[in-house]
Amino acid sequence: MLKPINILLVGVGGQGTILATRVLARAAQEAGYDIKVSEIKGMAQRGGSVVTQVRLGEKVYSPVISESGADIILAFEKMEARRWLPYLKEDGSVIINDQAIAPVPVLTGAAVYPEDCLEKVQRACSNTTVVDALKIAVHCGNPKAANVVLIGMLAKRLPMAKEIWLSALKDRVPEKFLEVNLKAFEEGYAV
42 MLKPINILLV GVGGQGTILA TRVLARAAQE AGYDIKVSEI KGMAQRGGSV VTQVRLGEKV
102 YSPVISESGA DIILAFEKME ARRWLPYLKE DGSVIINDQA IAPVPVLTGA AVYPEDCLEK
162 VQRACSNTTV VDALKIAVHC GNPKAANVVL IGMLAKRLPM AKEIWLSALK DRVPEKFLEV
222 NLKAFEEGYA V
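Start counting at 1 in the sequence shown, then tack on 41, and there's your number in our numbering.
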């Protein structure tokens, strides 16, 4: 029996965290897993934090991941990785997009963006992968595909066939953006 896999997707409004979650949920569903999803969108339209909790397994009873309960944190922005680090299991892994998006308090001068985000996460988690997903997405043809680069990286670490992920992308991404997103997925999957 497969114990549930707990995945925390964290980012900032506008980064495509919700679409990434929907692709992940669709892939898990196609693979036959029971899946539960919880979305938290705090001021997402203004660049605020967006967090989704995804649990998949043979049988999952709750969508909520407790502190120290996430197997994987998929971070679309590096300060969000740092912020949600307490939710990572001791033997968990983190995938971080090396991108800084200043929140409103930083933009107004009321706060300072922490410079040690990556170092703090890497010290706390030896299984941390840092990638410039934005640069890869630009190379693929659309900077907005950075989320799909990250999904490609996540896909390689989960027990679902690549074809299922591609099918989920085709199901969730609008046709006019599909080609660039398939390319972005392949690039992430290759990292």
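We put the beta carbon where it would ideally sit given N, CA and C, even for glycine. As the structure is a prediction and not an experimental result, all values here were calculated from the model.
Expected contact under 8 Å - CB spacing of residue i and residue j to nearest Å
| i | j | result |
| --- | --- | --- |
| V92 | W125 | 7 Å |
| G182 | V145 | With a Cβ gap of about 30 Å, G182 and V145 do not count as contacting. |
With 16 other Cβ atoms within 10 Å as the buried cut-off, status of residue i
| i | result |
| --- | --- |
| T149 | exposed |
| Y102 | exposed |
| P127 | exposed |
| S90 | buried |
| E121 | buried |
Residue i versus residue j: straight-line alpha-carbon distance, rounded
| i | j | result |
| --- | --- | --- |
| Y230 | Y154 | 30 Å |
| L129 | E227 | 27 Å |
| L60 | G193 | 13 Å |
| H180 | K224 | 10 Å |
| I76 | E156 | 36 Å |
| I46 | E108 | 14 Å |
| L207 | A151 | 43 Å |
Which of helix, strand or coil DSSP assigns to residue i
| i | result |
| --- | --- |
| K203 | helix |
| T149 | coil |
| V95 | strand |
| V172 | strand |
| G52 | strand |
| D112 | strand |
| D75 | strand |
| N47 | strand |
| I137 | strand |
Beta-bridge partners of residue i, as assigned by DSSP
| i | result |
| --- | --- |
| L129 | A111 |
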